[in-house]
Amino acid sequence: MIKKRKVLLILFFSFLLLSSQPFAQQRETRPVTLEKIAENLYQISGGRGANGGVYIGGNGVLVIDAKMTKESVDQTIAEIQKITDKPIKFLVNTHSDGDHIAGNPFFPKSVTIIAHENCRKEFFHSRRDGKPSAWNEPELAPYVPSLTYRDKMDIYLGEKKVELRYFGVGHTKGDTVVYFPEEKTAFLGDQIFMGRPQLIHSYKGGNSFAHVKTLTKMLENIDAVTFCSGHSDPIDRNTIEHHIQEMMSIQEKVKSFVEQGKTLDEVKKEFEENHARLVESIFNEIKNLS
Ligand SMILES: [Zn+2]
246 MIKKRKVLLI LFFSFLLLSS QPFAQQRETR PVTLEKIAEN LYQISGGRGA NGGVYIGGNG
306 VLVIDAKMTK ESVDQTIAEI QKITDKPIKF LVNTHSDGDH IAGNPFFPKS VTIIAHENCR
366 KEFFHSRRDG KPSAWNEPEL APYVPSLTYR DKMDIYLGEK KVELRYFGVG HTKGDTVVYF
426 PEEKTAFLGD QIFMGRPQLI HSYKGGNSFA HVKTLTKMLE NIDAVTFCSG HSDPIDRNTI
486 EHHIQEMMSI QEKVKSFVEQ GKTLDEVKKE FEENHARLVE SIFNEIKNLS
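Okay, so the sequence shown: first residue is 246 according to the numbering used here, each after it adds one.
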């Protein structure tokens, strides 16, 4: 009886998250695959939800982000078991968006879920539509991150070190960079969007001006050459620098329209339609500053 209720809850909860996340990956679902990035390090592609990562350490496996459905998590675990018999020890949620965390309940209970302390708080925030978070349900408590950090956390998987780094507010208030120093690779979650405007979740405390500072600080502080992210192929440092420049030029443009006294709707009309959400965030940020 209890089990049935739990299954129903999870299904309901998955539906809520699915219905609020219009990401391309959810429309056409490719099977989950692991793409090799470096020795022992893979990008998780396909399935329902964002791209993630898998690191095979000396004595266990670390997974980055959780996909959204039981099917995709089962596929992810099956793919991992094809390349190693080491247990999955850690799951890192790079931030609190549904396409990165909704699969948490489908990982074994023995897996330790880790996130930035602000990300953990965001699990319990009301959703964008004002409805309460499904993570308040006691049945889901074991799948909320149980380990958090503030600035930096080192995780050793045998000899191998993985660094969780926090560089500040940006896409949300709790975005983690998962940095593999030896492999010169970092997983950024949604701190970078390619081929579509950057998402800034103002309702979670995200901020575009802080985003520019945070990405700049990240480039100054880590020595990665390859950057994996939730919704695009791996990119290099130059592409991130270009992304920062692009954001700054959109901000400058919005600023000059605000100075001309234009309303939000008028400013939105100056940009392509798909920029509306980003422009709105920037507009509100400028208005609050002035
Ligand atoms: Zn995402």
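Beta carbons: idealized from backbone N, C-alpha and C, even for Gly.
Query raised in the report: So Thr339 is in the alpha helix (DSSP H); what residue range does that whole segment cover?
Result: Within the sequence shown, numbered from 1, the residue matching residue 339 stands at position 94. From DSSP, Thr339 is part of no alpha helix (DSSP H); its letter is neither H nor E.
Query raised in the report: What's the gap between the Cα of Thr321 and the Cα of Lys315?
Result: Here residue 321 is taken as the residue at index 76 of the sequence shown, counted from 1. Here residue 315 is taken as the residue at index 70 of the sequence shown, counted from 1. Going from the Cα of Thr321 to the Cα of Lys315 covers about 10 Å.
Query raised in the report: Near ligand 1, which residues have their beta-carbon less than 6 Å from any of its heavy atoms, given in chain order?
Result: Ala295, Asp342, Asp344, His345, Asp435, Gly475, His476
Query - Beta carbon of Ala455 nearer than 8 Å to that of Gly415 - result: Residue 455 sits at position 210 when you count from the first residue of the sequence shown. Residue 415 sits at position 170 when you count from the first residue of the sequence shown. Their beta carbons are under 8 Å apart, which means Ala455 touches Gly415 by this criterion.
Query - Sequence-distant residues of its chain with Cβ nearer than 7 Å to Val318 (five each side left out) - result: For the purposes of this step, residue 318 is identified with residue 73 of the sequence shown, where counting begins at 1. These residues qualify, in order along the chain: Ala311, Lys312, Gly348, Phe351, Phe352.
Query raised in the report: Relative to ligand 3, is the shortest distance from any of its heavy atoms to the C-beta of Glu428 smaller than 7 Å?
Result: With respect to ligand 3, the structure offers nothing, as its ligand set consists of ligand 1.
Query raised in the report: What are the start and end residues of the beta strand (DSSP E) that includes Ile536?
Result: Residue 536 cannot be examined here, being either before or after the span of the chain that is shown, 246 to 535.
**Report entry** Leu279 in three-state terms, based on DSSP
**Finding:** Against the sequence shown, residue 279 aligns to sequence position 34. Three-state DSSP puts Leu279 in a strand.
Query raised in the report: Curious, which full-length alpha helix (DSSP H) runs of at least 4 residues does the stretch 495-527 contain?
Result: 509-514
Query - As assigned by DSSP and simplified to three states, the class of Lys462 - result: The sequence position of residue 462 within the sequence shown is 217, counting from 1. Helix, per DSSP.
Report task. Count the C-beta pairs between the stretch 489-501 and the stretch 522-530 that are closer than 8 Å, then say yes if the count reaches three, no if not. Result -> yes
Report task. Going by DSSP, name the residue or residues bridged to Leu409. Result -> Counted from its first residue, the sequence shown places residue 409 at position 164. Looking at the DSSP assignment, Leu409 forms a beta bridge with Met398, Val423.
Query raised in the report: Cβ of Asp468 within 8 Å of Cβ of Lys429?
Result: Position 223 of the sequence shown holds residue 468. Position 184 of the sequence shown holds residue 429. Yes, they are a contact pair.
Query raised in the report: Roughly how many whole angstroms lie between the Cα atoms of Pro267 and Phe368?
Result: On the sequence shown, residue 267 is found 22 positions in, with the first residue counted as 1. On the sequence shown, residue 368 is found 123 positions in, with the first residue counted as 1. For Pro267, the predicted structure reports a pLDDT of 44, less than 50, and the residue's modelled location is therefore unreliable. A value from the coordinates is still provided. Between Pro267 and Phe368, the C-alpha separation is close to 19 Å.
Query raised in the report: Roughly how far, in whole angstroms, is the beta-carbon of Gly403 from the beta-carbon of Gly302, given that I think they are within contact range, below 8 Å?
Result: Start at 1 with the first residue of the sequence shown, and residue 403 comes out as number 158. Start at 1 with the first residue of the sequence shown, and residue 302 comes out as number 57. Gly403 to Gly302, Cβ: 5 Å. Contact.
Query - CB of Pro390 within 8 Å of CB of Ala431, strictly - result: Here residue 390 refers to the residue found at position 145 when the sequence shown is read from its first residue. Here residue 431 refers to the residue found at position 186 when the sequence shown is read from its first residue. Not closer than 8 Å, so no.
Query raised in the report: Okay, do the stretch 463-477 and the stretch 374-382 touch, 3+ Cβ pairs below 8 Å being the bar?
Result: no
Report task. Identify the continuous beta strand (DSSP E) that holds Thr430 and give its terminal residues. Result -> For the purposes of this step, residue 430 is taken as the residue at position 185 of the sequence shown. Where Thr430 is concerned, the enclosing beta strand (DSSP E) stretches over 430-432.
Query raised in the report: Where do the N-terminal and C-terminal ends of the beta strand (DSSP E) with Ala311 fall, by residue?
Result: What you label residue 311 is simply residue 66 of the sequence shown in a count that begins at 1. Per DSSP, Ala311 belongs to no beta strand (DSSP E) and is neither H nor E.
Query raised in the report: Is it buried or exposed for Lys514, if we count other Cβ within 10 angstroms and need 16 for buried?
Result: In the sequence shown, residue 514 corresponds to position 269, counting from 1. Its Cβ having fewer than 16 others within 10 Å, Lys514 is exposed.
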